[in-house]
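Participant: I have a structure I would like to understand better, so I am pasting it below and will then ask my questions one at a time.
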């Protein structure tokens, strides 16, 4: 594994992660002993063909799913053996999510969607930080609209704001641009990149779009449940070339 | 398309379970009612037929009024027996007796004493052991078995003439059954029966006649022979008359039970419509696909209707099975309580099966109609869209129509109560109001949420989300709540108006108690010994024995005629004369009658306020036209029918204020006049007045005196109030229990809607969970949603119920009945409604909590 230095802080780590679905004949090994760390304040993209295990990896890393074997550590907390309740709290407080389908709550306004995790925890969000994030994603005048009144790009910006406003240890984005046009995609990627650069936010993004992955600091390639490549400072050309190699 | 429907049913079977359940409950109840009453009726009719199988003619009194009719004299029986063509004649006589233990305690309380019929053909009973009761009594097999008695033993009995002992000489059976009477039978020799069952003065209840073979027109012969002093009935007519008497209960019971079943089915209709609407939404993509590849709207509609019919038929069939189980359960339960329902089996007729199937299927099909039509309108392009969440809005048309109906209904009801409009508007007003609730339901749901939203703030986000979720589809929420509204509305109307009438009626009746105790018999005479014993009790100031019989004909039918020592009676009960004087009545040859103009709901209560005694019901609303028939006043005459059928006109010398005592008396004459008119009559009513403060001790003492006598009951002077109170309480409880069925159906509806809406929102729940909502929070949200629907239904239902109850009480009581709302009762109805919400949420909440986060997110 390539590591930037000796004093690296890991926002999230998966150690020897193995995930098996089904059993016997139908057994599928989605992750096969993956060990990976996501450095704090960096933007990591995960690529790989369909079925390579990239979604499973982030879902396990985000504590949405449990590994069959191996450990997951979020910040300084070993999440491997936490019970359902603690795991839920961990997600709420230390992980932010951005989904392909935006997945906003339709009955809540944009503002309420953004503060939803904080409300769940019964916390008042940090008003100054909230304002800052809202201005950054340009939602100031849309805060009292419901998701159905927003465009796709705007909805995804709400989702980004929702993830950012809680200052989680790690933001997990699963194909965040998959449902967006190229303009909106570029906007969202800008936000994610700025979040890492300006606020030191850790972002892990699954994507199969090399344009999107090129915005990351580092790109991991997965195939058959293993990490097969690890690029730091990728360019679009480099990525296309690696993808070509992998496809072969 | 039929195959499509069948496949769908199979694929979506679980979703139809709740629909089916609603129908099963309704039809099950209907079937059980029909089966039970059917079995009871056929059993009752059958046993009447068996009992009087060989009766070719019967002779009864000209006047027959619930067992207090004068009977057929023993001399007449002899005359009948001698008539040519009569093979055998026997007197029928029954009275309640109790079998006592050696220490005087009751061992069997519901036994019937009967006169033995010597002619074996006429006698429905057979001796199975020992001999007929020539010098003792015969017990039925079951009673003897249960009490461990056998021929040769001696038995102590409480009878209308007091305690007696008789040797047991034999055991009897009634065909295959042990006893002809539910509670057991004690048969006496005919002469013994006349003495013991205490009707010597009156004779036989009826004389049963068997004809010589080949005799025709025996009834005509007998009528001539008896000179029309009695009524002669042919055998078949007699059986029909007796059947009408015994089966009358069933004929009343059946439509009542059916009515409740229809309410339950009506509620089920809402549940079915809702479930299908949701299922259609969930299958929108699939339906759109059918449309896209060439299915016509009509085909889509037909497919859904076919599904509805199939569900209806299957559920109705299951309902019939459930009904059979339910009635078997009822029979078993009643048996455990020590009663035997007539009719051991359940009667399942093809008509019943067909009727129940038809009812369930029709209700289901009609309810599916609207969702099916909507499904037919699915646009093919929707096949290409992702996700299907049923959304419904609230249109302006709906707001206008619903609002108008609500306003109109309210106006009618308030007009009746406050504006003095005709009470005929009550029914239509309530219906229109209800229509408004149904049409305007979605708006109510929306308004309700708007109102509640601020209130949820302190309760946190889950409560807020729960409120919001209920208005995502106001129409669905409203339909679900409406199912509950119907049941709770009816429960509230019944409870509040029943409560108001009860407290009013008991209050009024209590105020009217004049005598402290009334000793009354159920038709049988009260032994002189009893009257003397009561008179001798320390603390008794006066006792007034009264001989009452039914004989007087008025324009509306028969009323009681009572003979008594008028002065003594007046002192004991405090009869109040409106016009005329009781002295003339006491002197004989004249009668006192109730002045019915004093019997208006207002004046019956207003003994103090209605002090304008001379006017006779002055100021009362339409006086005189009471339910007892037009009043006969001073100077008029009443017609009394003598036992021989001739009519005697008796002048009215006094009118009495309508009080409980005077109403019980009917037409009051002196004892001599009564004997003169109707022959010697036994005492069957004794009024007792006690010294101040002695009432309680006297009551205990009277109970002691009556211990050995059957058929006589002592009731406190305010017994009517108590009885009316108990009857109303019982009615309210019974009606509410029956309405409970419809609330169960509504519960099924809420479970259904909540479950399906959770299914619909799976991905959303997944997101919420991913973002860190704990399982507890999700469960609370779902419970909140369900409770809110229940609250909506409860508030609307109870609110409308209280309103209609209030108007109803006002209309029926002409404003004289105060509407008293019992907060505890209303609170318990509300609590029941909320409980429904919580219970309904249990299963859906578990499902919601189990949603797999990853699955849910992927499923988008």
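Protein chains in written order, with my numbering: chain L, 465 to 712; chain D, 112 to 971. Note that CB positions come from ideal geometry on N, CA and C, so glycine has one too.
(1) Identify the contact partners of residue 561 of chain L in chain D, using a Cβ-Cβ distance below 7 Å as the criterion.
(2) Within 9 Å (strictly less), CB to CB, does residue 586 of chain L reach chain D?
(3) Give the residues of chain D in contact with residue 544 of chain L, contact being defined as C-beta atoms less than 8 Å apart.
(4) Straight-line CA distance for residue 442 of chain D to residue 368 of chain D?
(5) Runs of 3 residues minimum, wholly inside the region 624-700 of chain L: which ones carry the beta strand (DSSP E) assignment?
(6) Nearest CA to the CA of residue 270 of chain D: which residue from D:225, D:605, D:244?
(7) Give the residues of chain L in contact with residue 964 of chain D, contact being defined as C-beta atoms less than 7 Å apart.
(8) Please go through the same chain and pick out, in chain order, the residues whose beta-carbon is closer than 7 Å to the beta-carbon of residue 522 of chain D, but skip the five residues on each side of it.
(9) Confirm, please, whether the CB-CB distance from residue 419 of chain D to residue 387 of chain D is below 9 Å.
(10) So if I threshold CB-CB distances at 9 Å, which residues from the region 880-906 of chain D count as touching chain L?
(11) Can you tell me the Cα-Cα spacing of residue 631 of chain D and residue 796 of chain D, whole angstroms?
(12) Quick check: the Cα distance between residue 533 of chain L and residue 863 of chain D, rounded to an integer number of angstroms?
(13) In angstroms with no decimal places, state the Cα-to-Cα distance between residue 565 of chain D and residue 133 of chain D.
(14) CB residue 376 of chain D to CB residue 592 of chain D, shorter than 9 Å?
(15) Can you tell which of D:308, D:584, D:487, D:930 has its C-alpha closest to the C-alpha of residue 613 of chain D?
(16) For the candidate residues D:280, D:365, D:759, D:296, whose alpha-carbon lies nearest to that of residue 148 of chain D?
(17) Along chain D, in chain order, which residues have C-beta atoms closer than 7 Å to that of residue 571 of chain L?
(18) Show which residues of chain D have a CB atom less than 8 Å away from the CB atom of residue 555 of chain L.
(19) Contact defined as beta carbons within less than 8 Å: I believe residue 671 of chain D pairs with residue 776 of chain D. What is the distance between those atoms, to the nearest angstrom?
(20) Can you say whether residue 647 of chain L is buried or exposed, counting buried as having 16 or more other CB atoms within 10 angstroms of its CB?
(21) Where do the ends of the beta strand (DSSP E) carrying residue 571 of chain L lie?
(22) Would you mind reading off the limits of the beta strand (DSSP E) that contains residue 279 of chain D?
(23) Using only the alpha-carbon positions, how far apart do residue 548 of chain D and residue 370 of chain D sit?
(24) Would you kindly work out how many angstroms separate the C-alpha atoms of residue 280 of chain D and residue 351 of chain D, rounded to a whole number?
(25) Give me the Cβ distance between residue 750 of chain D and residue 758 of chain D, rounded to the nearest whole Å; I'm assuming they're in contact under 8 Å.
(26) Would you verify that the beta carbon of residue 874 of chain D is, or is not, closer than 9 Å to some beta carbon of chain L?
(27) When the Cα of residue 953 of chain D is compared with those of D:869, D:233, D:920, D:463, which residue comes out closest?
(28) Under 9 Å, Cβ to Cβ, is there at least one residue of chain D near residue 548 of chain L?
(29) Less than 9 Å between CB atoms is the rule here; does residue 482 of chain L satisfy it with respect to chain D?
(30) Pick helix, strand or coil for residue 478 of chain L, following the three-state DSSP scheme.
(31) Got a sec: does the ligand SAM put a non-hydrogen atom nearer than 8 Å to the Cβ of residue 516 of chain L?
(32) Going by CA-CA distance only, name the one from D:819, D:814, D:754 that's closest to residue 788 of chain D.
(33) With 8 Å as the C-beta to C-beta threshold (strictly closer), list the residues of the region 550-573 of chain D near chain L in chain order.
(34) Could you check if residue 584 of chain D is buried or exposed, using at least 16 other CB atoms within 10 Å of its CB as the buried criterion?
(35) Which of the three DSSP states, helix, strand or coil, is assigned to residue 244 of chain D?
(36) Would residue 878 of chain D count as contacting chain L if we go by Cβ distances under 9 Å?
Facilitator: Taking the definition as stated:
(1) Here the neighbours are 881, 882.
(2) At least one CB atom of chain D sits nearer than 9 Å to the CB of residue 586 of chain L.
(3) Contact note: residue 544 of chain L does not reach chain D at a C-beta cutoff of 8 Å; the least C-beta distance is about 18 Å.
(4) Cα-Cα distance, rounded: 16 Å.
(5) Here the runs fully enclosed are 634-638, 667-670, 682-687, 690-696.
(6) If we check each option's Cα against that of residue 270 of chain D, D:225 comes out closest.
(7) Those are 528, listed as they occur along chain L.
(8) Excluding sequence neighbours, residue 522 of chain D sits near nothing in its chain.
(9) It is a contact, given that the beta carbons lie within the stated cut-off.
(10) Against chain L - using a Cβ distance shorter than 9 Å - the residues of the region 880-906 of chain D are 880, 881, 882, 883, 884, 885, 886, 887, 888.
(11) Looking at the backbone, the Cα of residue 631 of chain D and that of residue 796 of chain D are separated by about 5 Å.
(12) A direct Cα-Cα distance of roughly 40 Å separates residue 533 of chain L from residue 863 of chain D.
(13) About 35 Å.
(14) No, the Cβ-Cβ distance between residue 376 of chain D and residue 592 of chain D is not below 9 Å.
(15) Here the closest residue by C-alpha is D:930.
(16) Measuring from the Cα of residue 148 of chain D, the nearest candidate turns out to be D:365.
(17) Within chain D, the residues near residue 571 of chain L are 576, 579, 580, 583.
(18) In chain order, 881, 882, 883 make up the part of chain D whose C-beta sits under 8 Å from the C-beta of residue 555 of chain L.
(19) Indeed, because the Cβ distance is near 7 Å, the residues count as touching under 8 Å.
(20) Residue 647 of chain L is exposed by the Cβ-count criterion.
(21) Secondary structure note for residue 571 of chain L: it is in no beta strand (DSSP E), with a DSSP letter that is neither H nor E.
(22) For residue 279 of chain D, the enclosing beta strand (DSSP E) stretches over residues 273-284.
(23) Straight-line measurement puts the Cα of residue 370 of chain D at about 22 Å from the Cα of residue 548 of chain D.
(24) Taking the CA atoms as reference points, residue 280 of chain D sits about 34 Å from residue 351 of chain D.
(25) About 5 Å separates the two Cβ atoms, so the contact holds.
(26) By this cut-off, residue 874 of chain D is an interface position.
(27) Nearest in C-alpha terms to residue 953 of chain D, of all of D:869, D:233, D:920, D:463, is D:869.
(28) So yes, residue 548 of chain L belongs to the interface.
(29) False, the Cβ-Cβ gap to chain D never drops below 9 Å.
(30) When secondary structure is reduced to three states using DSSP, residue 478 of chain L falls in the strand class.
(31) The ligand SAM is absent from the structure shown, which contains no ligand whatsoever.
(32) For the residues D:819, D:814, D:754, the minimum Cα distance to residue 788 of chain D belongs to D:754.
(33) Listed in sequence order: 571, 572.
(34) Within a 10 Å sphere around the beta-carbon of residue 584 of chain D sit 16 or more other beta-carbons, which makes this residue buried.
(35) Secondary structure at residue 244 of chain D: coil, using DSSP grouped into helix, strand and coil.
(36) It does: the Cβ of residue 878 of chain D has a partner Cβ on chain L nearer than 9 Å.
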